[in-house]
Amino acid sequence: MIFSIFHEARVGGRTKNEDFCDYTYTDESLLMVLADGMGGHLYGEIASRLVVSHMMECHRVRAKPVVSDPYLFLNEICSTANNAVLEYAAVQDLLEIPRTTVVVGLIQGNCLYHAHMGDSRLYVLDNSGEVKRQTRDHTRIQYLLDRGEISPEEILFHPDRNRVYNCLGLCLPTGPCVEELCLENGDVVILCSDGLWNYVSEKEMWDHVSGVPIATMGSRLMDLAECRGGVSRDNLTLMALLWEGSFHDDPTILFCADTILSKDETQKNFCDSESWVSLDDSFFDKLEEEIVLDL
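Residues 1 to 295, numbered by the working numbering, are exactly what the sequence shown covers, in order.
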């Protein structure tokens, strides 16, 4: 696979960052995950980090070097991540179950499989600036938009803007919306939290993408959203990937983040175990250490 990737999370005007994102890959499969811990509930930063860490480990276990059934995989990692959140809350005797939105992108061959729960979004822009794909939020606002009862300009200040009806951390979640899309060379895949998309339009995304490295584009979009958000701005997180195609001619080389990596270097993302991730004490202990370090 040939791609360049950028990712960054900023705290914005908040005291802590409840967003988290990460990616992992083999030479034939790439997983990107972004989660936005829900600030209206306790422990959002725990939920987002737990979900992303769990999904990363699931990919390392299952991608040998590809995931055999992408649709099943995306549904299962959402289900098992939800179970991980519920189990963590029970084991730690938390006052409230942590909750988080999530958006996931899995690329194999030239195909993007994506899933989401809540209002963290995925966009795909082609090299002409057209939006090929945008996920639909699982929110009250999206419902009102679909019915024509409000305009896009009313979203930011609408009293129901934070009402999300699907997320991880629910005893009976609705489940993810899973779709697929064929990628073409030059397509840009964007995963972002509402702290970014609330303040940056699709046209502005393309204006900042066109003709510049993906890292430059990402930093500019983050700066723009942070400036517009003001002193009360939300956490904001962005993952942006420039797709340049499958590299079948020489599968020992993978291009990532403007750096050529050898096949040996990519092996760090593999896990020898054939089983699903074990939600044992060591998993939760490691997670807690990472959370403490970030706070």
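Note that the Cβ used here is the ideal one computed from N, Cα and C, for glycine as well. These figures come from a predicted structure and were not determined experimentally.
Alpha-carbon to alpha-carbon, residue j and residue i
i	j	result
Asp207	Leu94	44 Å
Thr100	Ser128	33 Å
Val33	Glu149	32 Å
Arg14	Arg62	36 Å
Pro70	Leu181	12 Å
Tyr165	Thr24	29 Å
Glu154	Glu28	42 Å
Val209	Arg228	19 Å
Ile2	Leu106	14 Å
Val66	Cys58	12 Å
Leu242	Ser48	25 Å
Pro251	Leu145	Only weak support is given to the placement of Pro251: the predicted model assigns it a pLDDT of 43, under 50, and the value that follows is read from those uncertain coordinates. The alpha-carbon atoms of Pro251 and Leu145 are separated by roughly 45 Å.
Thr259	Ser4	Note that Thr259 scores a pLDDT of 31, beneath 50, so its modelled location is shaky and nothing firm can be said.
Asp310	Val103	Look at the range of the chain in this structure, 1 to 295, and you will see that residue 310 is not part of it.
Arg121	Ile46	20 Å
Ala9	Arg163	23 Å
Arg133	Asp223	24 Å
Phe20	Val51	9 Å
Glu87	Ser79	12 Å
His158	Lys64	46 Å
Ala84	Pro98	11 Å
Glu130	Ser219	21 Å
Arg161	Glu184	34 Å
Val189	Val212	15 Å
Ser262	Asp22	Below a pLDDT of 50, predicted positions are generally treated as unreliable, and Ser262, at 29, falls in that range; the measurement from the model is reported next regardless. Looking at the two C-alpha atoms, the distance is approximately 20 Å.
Lys16	Leu221	21 Å
Val91	Trp197	35 Å
Pro152	Gly230	20 Å
Span of the alpha helix (DSSP H), counted from its first residue to its last, around residue i
i	result
His114	Per DSSP, His114 belongs to no alpha helix (DSSP H); it is in the beta strand (DSSP E), Cys111 to Met117.
Gly229	Ile214 to Gly229
Arg354	This structure cannot settle anything about residue 354, because the visible part of the chain is limited to 1 through 295.
Ile5	Here Ile5 belongs to no alpha helix (DSSP H); instead the beta strand (DSSP E) covers Phe3 to Arg10.
Cys78	Pro70 to Val91
Integer-rounded CB distance, given that residue j should sit under 8 Å from residue i
i	j	result
Met239	Leu168	No, Met239 and Leu168 are not in contact; Cβ-Cβ is about 18 Å, not under 8 Å.
Asp234	Gly12	5 Å
Met217	Leu125	With a Cβ gap of about 10 Å, Met217 and Leu125 do not count as contacting.
Thr237	Gly195	7 Å
Ala115	Leu74	4 Å
Leu170	Asn82	7 Å
Ala215	Phe6	5 Å
Tyr123	Val178	Not a contact, Cβ separation roughly 17 Å.
Leu31	Glu96	29 Å between Cβ atoms; not a contact.
Three-state secondary structure (DSSP) of residue i
i	result
Gly195	helix
Met205	helix
Cys21	strand
Glu179	strand
Gly13	coil
Phe270	With a pLDDT of 25 at Phe270, under the threshold of 50, the modelled position of this residue cannot be trusted; read the value that follows with caution. Residue state, collapsed to three classes: coil.
First through last residue of the beta strand (DSSP E) which encompasses residue i
i	result
Thr237	Leu236 to Trp243
Asp146	Run containing Asp146: none in the beta strand (DSSP E); it sits in the alpha helix (DSSP H), Arg140 to Asp146.
Val124	Arg121 to Leu125
Thr101	Thr100 to Gln108
Arg133	Val131 to Gln134
Met32	Ser29 to Gly37
The ligand HEM heavy atom lying under 6 Å from the CB of residue i
i	result
Gly245	Within the structure as shown, the ligand HEM is missing, as the structure has no ligands at all.
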